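Here's the structure we're looking at; comments come further down.
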Amino acid sequence: MHVLIVGGSVGGLSLAQCLRKLGVTFEIFERDASPESRFQGWAIGIHTIVDELQEAFPADLPKLKDATDHLQPHDLPAQMAVYIPGRDGRIGVESTPEAPIIRSERFRLRQWLSTNLPIQWGKRVQRIEHDDQGAAVYFEDGTSAKGDMVVGADGINSMVREYLLKRTAGDLLNVIPLAAIVGEVTLTGEQFKRQLELGHSAYVYMNPAQGFAHFNGLHYALPDGVSGRHYWMFMQPDADVAQPDHWLRSATQQEKLDHVLKLSASMPPLLRELFELTPASGIKTEPHVWRDLELEALPAGRVVLLGDSAHAMTPFRGEGAYHAFIDSLRLSKLLSKTDGKDIAAVKAAVAEYNAEMLERGVQAVQNSRNADSGKPKDPNAKLTTANQLLRPLPQVPIVLPKLA
Ligand SMILES: Cc1cc2nc3c(=O)[nH]c(=O)nc-3n(C[C@H](O)[C@H](O)[C@H](O)COP(=O)(O)OP(=O)(O)OC[C@H]3O[C@@H](n4cnc5c(N)ncnc54)[C@H](O)[C@@H]3O)c2cc1C
1 MHVLIVGGSV
11 GGLSLAQCLR
21 KLGVTFEIFE
31 RDASPESRFQ
41 GWAIGIHTIV
51 DELQEAFPAD
61 LPKLKDATDH
71 LQPHDLPAQM
81 AVYIPGRDGR
91 IGVESTPEAP
101 IIRSERFRLR
111 QWLSTNLPIQ
121 WGKRVQRIEH
131 DDQGAAVYFE
141 DGTSAKGDMV
151 VGADGINSMV
161 REYLLKRTAG
171 DLLNVIPLAA
181 IVGEVTLTGE
191 QFKRQLELGH
201 SAYVYMNPAQ
211 GFAHFNGLHY
221 ALPDGVSGRH
231 YWMFMQPDAD
241 VAQPDHWLRS
251 ATQQEKLDHV
261 LKLSASMPPL
271 LRELFELTPA
281 SGIKTEPHVW
291 RDLELEALPA
301 GRVVLLGDSA
311 HAMTPFRGEG
321 AYHAFIDSLR
331 LSKLLSKTDG
341 KDIAAVKAAV
351 AEYNAEMLER
361 GVQAVQNSRN
371 ADSGKPKDPN
381 AKLTTANQLL
391 RPLPQVPIVL
401 PKLA
């Protein structure tokens, strides 16, 4: 069995690590020219399968928390808090020894997943061919590679999926009717401390009665011990968000910031402080449209999908990468037991993988869509994130050693 992996991110790299441990040969092709060539995103929560994942990967990877924790150098547990007007105090989840959550900085996570992997950078797959004897991928640079299987770990706009289903991303993806304005800012000293106290890793403020919700996250703490890089997303229900003439497509950074400041003016001062500290230059210029994907069926053969290419979902439950990891764990085990030259065996293995992956994936996509931060919330509703039920989270003062 020789596996051609298209996409060197969460899904593709974790599959490669599992295959490396299982002794299955593979090649990984990534369109990015280098690890630094594209912004990787901010931070994601890894939970539930932390131990299983580390066991499935080779022993030469450092510990996930040591290598990727966005709170370093602070010894604080990952913590996500939710503030809902009308509900006393805050609720949330926090990493515990029994149910660890690691909030991984995205660039560090990709580096960790890349440990000792021969990633072929600058290899954009343009075309695929397969038959009962084997499969091949063809790159933009005119070269090609041959193997027994092609795994499409190429994300939400997957070309592998388009090849497999003969349907474009535009045709398959659902638009989430939610407009978002995104900002970034670096804070120091007391301002940084107050953000950590609101939620070490992130906090959400849900105010559907006022027509908006926002997510505020720590991208990463800085090594100086008193500063952090923060990001936020201010979201409003908006059925027209994907329209080409939507106002957010032409608005200036200052206009977007003014909109957020105006709508958030009646919020508690502490919870709107991050917006007020963000300069207009910290507002993202590109518009953001959330999309998700529900696939009912996939053909079973030498081409298979994994991660967002199969089940892209909104991030409101923090589960997209978690499901990409589960896909990798299951697919690698099946492929390691399959003779790549035996087309009947390949089809049987992929059919088994697809059945479980599609059912789990569709459920996760629907749950994540229903958790849409812009939707009205019953103040007493049971909410989950990182696969945990939100529970009352006492407010604990933080002492930053260098400020003490
Ligand atoms: C703001 C935000 C917050 C999130 N927070 C969380 C969270 O807290 N927890 C969580 O579990 N999930 C979270 N997610 C979801 C998570 O990021 C995705 O589910 C995960 O990245 C999917 O991994 P993937 O490998 O399938 O796809 P991707 O990460 O999209 O990677 C696809 C890769 O394929 C490459 N590629 C694409 N086309 C080609 C081609 N033709 N040839 C070669 N290479 C190609 C791309 O360059 C990319 O590197 C979040 C997502 C967003 C947007």
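217 is the number that full-length UniProt numbering gives to position 217 of the sequence shown; each next residue is one higher, with no gaps. From the three backbone atoms N, C-alpha and C, an ideal C-beta is built for every residue, glycine too. The structure presented is a predicted model; accordingly, all values stated were derived computationally and were not measured.
Practice task
Count the other C-beta atoms from every protein chain shown that fall within 10 angstroms of the C-beta of K166, then say buried if there are 16 or more, exposed otherwise.
Solution key: In the sequence shown, counting from the first residue as 1, residue 166 sits at position 166. Per the 10 Å Cβ criterion, exposed.
Problem - Backbone CA spacing between L389 and V204 [nearest angstrom] - result: What you label residue 389 is simply residue 389 of the sequence shown in a count that begins at 1. What you label residue 204 is simply residue 204 of the sequence shown in a count that begins at 1. Roughly 15 Å between the two C-alpha positions.
Handout entry: Cα-Cα separation between Q195 and I46, rounded to whole angstroms
Key = Looking up residue 195 in the sequence shown gives position 195. Looking up residue 46 in the sequence shown gives position 46. If you take the alpha carbons of Q195 and I46, they lie about 21 Å apart.
Exercise for the section: Please classify M206: does DSSP put it in a helix, a strand, or coil? Expected result: Position 206 of the sequence shown, counted from the start, is the residue given in the question as residue 206. Reduced to three states, the DSSP call for M206 is strand.
Practice task
Count the other C-beta atoms from every protein chain shown that fall within 10 angstroms of the C-beta of K402, then say buried if there are 16 or more, exposed otherwise.
Solution key: Here the question's residue 402 lines up with position 402 in the sequence shown. Its Cβ having fewer than 16 others within 10 Å, K402 is exposed.
Handout entry: K284: CB within 7 Å of a non-hydrogen atom of ligand 1
Key = Looking up residue 284 in the sequence shown gives position 284. Because no heavy atom of ligand 1 lies under 7 Å away, the Cβ of K284 does not count as near it: no.
Problem - Spatially closest choice to Y353 from I91, S328, G86, I343, by CA coordinates - result: Here residue 353 refers to the residue found at position 353 when the sequence shown is read from its first residue. Cα-wise, what sits closest to Y353 is S328.
Handout entry: Heavy atom of ligand 1 within 7 Å of residue 493 beta-carbon
Key = Nothing can be reported for residue 493, as the shown portion of the chain is limited to 1 through 404.
Exercise for the section: Would you check if the distance between the CB atom of Q395 and the CB atom of R90 is smaller than 8 Å? Expected result: Within the sequence shown, residue 395 is the residue found at index 395, counting from 1. Within the sequence shown, residue 90 is the residue found at index 90, counting from 1. Cβ atoms of Q395 and R90: closer than 8 Å.
Practice task
Return yes when the C-beta of I156 is under 7 Å from any heavy atom of ligand 1, and no when it is not.
Solution key: The sequence position of residue 156 within the sequence shown is 156, counting from 1. Yes; taking the cut-off as 7 Å, the Cβ of I156 has a heavy atom of ligand 1 nearer than that.
Exercise for the section: Can you have a look at Q17 and say buried or exposed, based on whether 16 or more other CB atoms are within 10 angstroms of its CB? Expected result: To locate residue 17, count along the sequence shown from 1; it is residue 17. Per the 10 Å Cβ criterion, buried.
Problem - Proximity test, Y203 beta-carbon vs ligand 1 heavy atom, cut-off 7 Å - result: Within the sequence shown, numbered from 1, the residue matching residue 203 stands at position 203. No.
Handout entry: Bridge partner(s) assigned by DSSP for N216
Key = By one-based count along the sequence shown, residue 216 stands at place 216. Y203, W232.
Practice task
Tell me where the alpha helix (DSSP H) around F26 begins and ends.
Solution key: Counting from 1 along the sequence shown, the entry for residue 26 is found at position 26. Run containing F26: none in the alpha helix (DSSP H); it sits in the beta strand (DSSP E), 25 to 29.
Handout entry: Nearest to A371 (by Cα), restricted to the options E129, F39, M206, P397
Key = What you label residue 371 is simply residue 371 of the sequence shown in a count that begins at 1. The residue with the shortest Cα to Cα distance from A371 is M206.
Practice task
Please find out if some non-hydrogen atom of ligand 1 comes closer than 7 Å to the beta-carbon of I44.
Solution key: Your numbering for residue 44 matches position 44 in the sequence shown. At least one heavy atom of ligand 1 is nearer than 7 Å to the Cβ of I44, so yes.
Exercise for the section: Give every residue of the same chain whose Cβ lies closer than 6 Å to the Cβ of E296, excluding the five residues on either side of it in the sequence, and list them in chain order. Expected result: Position 296 of the sequence shown holds residue 296. Excluding positions up to five away in sequence, the list is empty.
Exercise for the section: Kindly indicate the opening and closing residues of the alpha helix (DSSP H) around H311. Expected result: Here residue 311 refers to the residue found at position 311 of the sequence shown. 308 to 311 is the span of the alpha helix (DSSP H), which, as asked, contains H311.
Problem - Check whether M313 and R330 have beta carbons under 8 Å apart - result: Your numbering for residue 313 matches position 313 in the sequence shown. Your numbering for residue 330 matches position 330 in the sequence shown. Cβ distance not < 8 Å, so M313 and R330 don't count as in contact.
Exercise for the section: For the stretch 238 to 309, list the beta strand (DSSP E) runs that are entirely contained and at least 3 residues long, ordered along the chain. Expected result: 288 to 292, 303 to 305
Handout entry: Cα-Cα separation between L222 and H130, rounded to whole angstroms
Key = In the sequence shown, counting from the first residue as 1, residue 222 sits at position 222. In the sequence shown, counting from the first residue as 1, residue 130 sits at position 130. Straight-line Cα distance between these residues: approximately 48 Å.
Practice task
Taking 8 Å as the cut-off, decide whether the C-beta atoms of G189 and Y231 are in contact.
Solution key: For the purposes of this step, residue 189 is identified with residue 189 of the sequence shown, where counting begins at 1. For the purposes of this step, residue 231 is identified with residue 231 of the sequence shown, where counting begins at 1. Not closer than 8 Å, so no.
Handout entry: Contact belief for V289 with V241 at Cβ below 8 Å, rounded distance in angstroms
Key = Residue mapping note: residue 289 aligns to position 289 of the sequence shown, counting from 1. Residue mapping note: residue 241 aligns to position 241 of the sequence shown, counting from 1. Going by Cβ atoms, the distance from V289 to V241 rounds to 5 Å, so yes, they are a contact pair.
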